[in-house]
Amino acid sequence: MGERKKDFVWRYQPNLSSDKAKMLTYIQNRDLHPSQDKTAMIMAALTAYYMPLALHSQGSGSRESLELILLDSATAFVNQLKYACTALNVDPARVGNVLCSAFQIPLFFQSAKAESSNADSALELDNLNDFDLNTWNLAGITTDSETFN
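Counting in my numbering, the sequence shown runs from 78 upward without gaps.
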């Protein structure tokens, strides 16, 4: 007999004109991200955001494995932020400043670095249509062998 599965049902109906409805429409649009379905996208985001704390609260995993899962989450966030900066044409240094400020990391930022970063962002934006979704999305965090097709 196969392994038992967790049944999780969620229904959410935001107002059609709301930002949350627009976000859910984006997630459901296979033309925008043909290599992933909505379940994979939602699970990748939830995994990055909640998995380390969920496993910790259940007493699952060693301190070392939880730390690795947390670092995987951080990598997923960074990759998503890099993609968002490129897609929205936002200077990644501005996002980096927010992150450094949140973790009280001193900034050693030089204007030459900013100009270089802006040129890199422009180049990445030009290549936006040719990107590999698996490079940018939150996928890649795995704590078990479950995959979503």
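Glycine included, every Cβ here is placed at the ideal spot set by N, Cα and C. Keep in mind it's a predicted model, so treat the numbers as computed, not measured.
Check the Cα spacing between Leu158 and each of Val172, Leu147, Asp149: the tightest is with Val172. About 5 Å separates the Cβ atoms of Ala125 and Ser150, confirming a contact at the 8 Å cut-off.
Per DSSP, Asn166 is not a residue of any alpha helix (DSSP H), being assigned neither H nor E. Asp84 and Thr116 have their C-alpha atoms spaced approximately 14 Å apart. Nearest to Phe154 by alpha-carbon distance, out of Tyr127, Gln113, His133, is Tyr127. Excluding five sequence positions before and after Tyr103, the CB atoms of its chain that fall closer than 7 Å to its own CB belong to Leu109, given in chain order. Relative to the Cα of Leu145, the nearest Cα in the group Ser94, Pro129, Asp114, Met100 belongs to Pro129. Rounded to the nearest angstrom, the gap between the Cα atoms of Cys162 and Leu143 is 28 Å. Shown here, Pro91 sits in coil according to DSSP, grouped into three states, outside any helix or strand. In the structure shown, Asp149 adopts helical secondary structure according to DSSP, grouped into three states. Each residue's CA atom was taken as its position, placing Gln105 and Tyr89 some 14 Å apart. By the C-beta density criterion, Pro183 is exposed, having fewer than 16 other C-beta atoms within 10 angstroms. In the DSSP annotation of this structure, the continuous segment of the alpha helix (DSSP H) that includes Lys99 starts and ends at 96-105.
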